[in-house]
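J.: According to my numbering, the residues represented by the sequence shown are 212 to 651, in order.
Note that CB positions come from ideal geometry on N, CA and C, so glycine has one too.
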Amino acid sequence: MKSRRSRVMVGAPGLYTYGAMRIGGIIREAGFKPQITRNISDLRGDTIFLSLYSTLHLLDPVIKDTVLRIQQEGGTCIIGGPVSSGPEMVLGELHPDLVVCGEGEESVSRIIEGNDFSDCPNCAYLEKNEIIKTSQHRVEDITFPLPLIPEDIATQDIRGAQTYIETHRGCFGRCGFCQVPRVFGRRIRSRTLEEILTEVRAFQKKGVRKLALIGGTGSLYRSRDGEVNSDAFISLLEGISSIMGPKNVSCPDIRADCLTEEVLEAVRAHTIGWIFFGVESGSEKVLDLMQKGIPIDKVRDAVEQCRQYGVKPAGSFITGYPGEEEEDFQITKDIMEELCLDDVFISIAEPIPSTPLAKQICSQDPVLDLVSIPHTGDYAGLHLSEAEARAFDLMLHSDVCRPVPRMTQDTQYKAYLKEARKQGTDIRNVTHLLRKYYSG
Ligand code: SF4
């Protein structure tokens, strides 16, 4: 068993992620006094848990140097978080002592008690140049100790919230680009309301004023077999807003086919009053390729219902999904115009490890690789890939598809172009990395 005097630290680059705070809470519960940081150069100690949430972290020289430094100083470096869906990549690029794959709570409890890695579930490590993976399983009961909340949590800003909190795990959806059903499963496991509210109070006590809910799709809290449990969802929002105040709570993501009148009423009464739908595409063909499972008419209905209930509808769109043709893209532009959402988020399809999209990218015909094919249409002079050009075009289009249209100013035009190029570059790098480890 490790000594309770061992120095244990938890960190994530640039953010106090919910996952890092959760792991810190488990370590504290085991009798240690962990510290948490979002400045990874501060990570020092006997055992370091590093939470990484972007595949690009695997290519970041600062993170590579940090892992090496921790080990050279005699520490054990353990990596978890969303990148752990590709343990081969994590081990191959960063060379940590251990990767905790997927749900890490049980593994961390066992690791911190000093168990041999081979006796800890959901782990991957190198032994004589062979990757050893221990048994994979998900805990049934997602009851956890309070997270380790840093004193300066109130200085954090993640899209307007100082922190996210988890209400449940899993999503019955099958979206080909999404990690949630692959990491957490398609069956919903929910935390108790009492535990969630205790956690909300703890965050508030540390100065958090605004928080957002995570958990696949918000209204699936305590749902079974895809049936929305409106009563449970109402109690959840009522409870949290009674502590935080309704203007300080957001429940961003809800599937368009998981809305009820009661859900809409609760979002209006107990949150900032926005719902974010994953629209993704206007083309039924592309939605099928994505395995989205929500016909575009359902999205139309959901947006209309939001407006009837005084809730602001927003949505995300994905461009450059393998198989998206020019005519599909034009349909997406049309649907963006028709829906006239209050806010939109546009991204190029990103192959996240463990998703069907990532598997497809590793084995697909290069003709479908829209993030690498040069664009030859209206934006040819800008030297963009096809996926970048579509993302850029959709960003420009979004300015006129708002309830109050706006002229795209020069600075905004440049910002959209920069963003489309950055996304394209990032995704080409991720694609290259995935193919290095998982092709063939
Ligand atoms: S509905 Fe949302 S959480 Fe569920 S699989 Fe699709 S993208 Fe993921």
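Can you round the beta-carbon distance between glycine 531 and valine 460 to whole angstroms, since I take them to be within the 8 Å contact cut?
T.: In fact, because the Cβ distance is near 34 Å, the residues do not count as touching under 8 Å.
J.: Give me the Cβ distance between serine 202 and proline 564, rounded to the nearest whole Å; I'm assuming they're in contact under 8 Å.
T.: Because the chain here runs from 212 to 651, residue 202 falls outside it and cannot be looked at.
J.: In the structure shown, what three-state DSSP assignment does phenylalanine 556 receive?
T.: DSSP places phenylalanine 556 within a strand segment (E or B) once states are collapsed to three.
J.: Could you pull the DSSP bridge partners for isoleucine 259 from this structure?
T.: Met220 and Cys288
J.: Give the list of continuous alpha helix (DSSP H) stretches no shorter than 4 residues that lie fully inside the stretch 557-603.
T.: 567-574
J.: So, at 7 Å on beta carbons, what are the nonlocal neighbours of methionine 212 in its own chain, with the 5 sequence-adjacent residues on each side left out?
T.: Summary for methionine 212: the model assigns pLDDT 47, below 50, so the residue's position carries little reliability; its value from the coordinates is reported in the next sentence. Closer than 7 Å at the Cβ level, and outside the excluded window around methionine 212, lie Glu324 and Gly325.
J.: What whole-angstrom Cβ distance do leucine 309 and isoleucine 289 have, given they're in contact under 8 Å?
T.: 5 Å
J.: Below 7 Å between beta carbons: does that hold for threonine 374 and leucine 422?
T.: Going by C-beta atoms, threonine 374 is nearer than 7 Å to leucine 422.
J.: Classify asparagine 440 as buried or exposed, calling it buried when 16 or more other Cβ atoms lie within 10 Å of its own Cβ.
T.: buried
J.: Since proline 356 sits in a beta bridge, which residues does DSSP pair it with?
T.: DSSP output for proline 356 lists no bridge partner at all.
J.: Looking at the structure shown, is alanine 372 part of a helix, part of a strand, or coil, going by DSSP?
T.: strand
J.: Can you name, in chain order, every residue of its own chain whose Cβ lies under 6 Å from the Cβ of glycine 292, other than the five neighbours on each side?
T.: Gly230, Ser262, Leu263 and Tyr264
J.: Mind reading off the beta-carbon distance from threonine 543 to serine 492? Whole number of angstroms is fine, and I expect it under 8 Å.
T.: Contact between threonine 543 and serine 492 holds, since their C-beta atoms are separated by about 5 Å, short of 8 Å.
J.: Tell me whether proline 272 is buried or exposed, calling it buried when 16 or more other Cβ atoms sit within 10 Å of its Cβ.
T.: exposed
J.: How about glycine 521: is its Cβ closer than 6 Å to a heavy atom in the ligand SF4?
T.: no
J.: Which residues, in chain order, sit with a beta-carbon under 6 Å away from any heavy atom of the ligand SF4?
T.: Cys382, Gly384, Cys386, Cys389, Val391, Pro392, Gly427, Thr428, Arg466 and Gly489
J.: Give me the Cβ distance between glycine 236 and leucine 424, rounded to the nearest whole Å; I'm assuming they're in contact under 8 Å.
T.: In fact, because the Cβ distance is near 18 Å, the residues do not count as touching under 8 Å.
J.: Report the start-end ranges of each beta strand (DSSP E) in the stretch 285-355 that is 3 residues or longer and not cut off at the edges.
T.: 287-291, 309-311, 334-338 and 341-344
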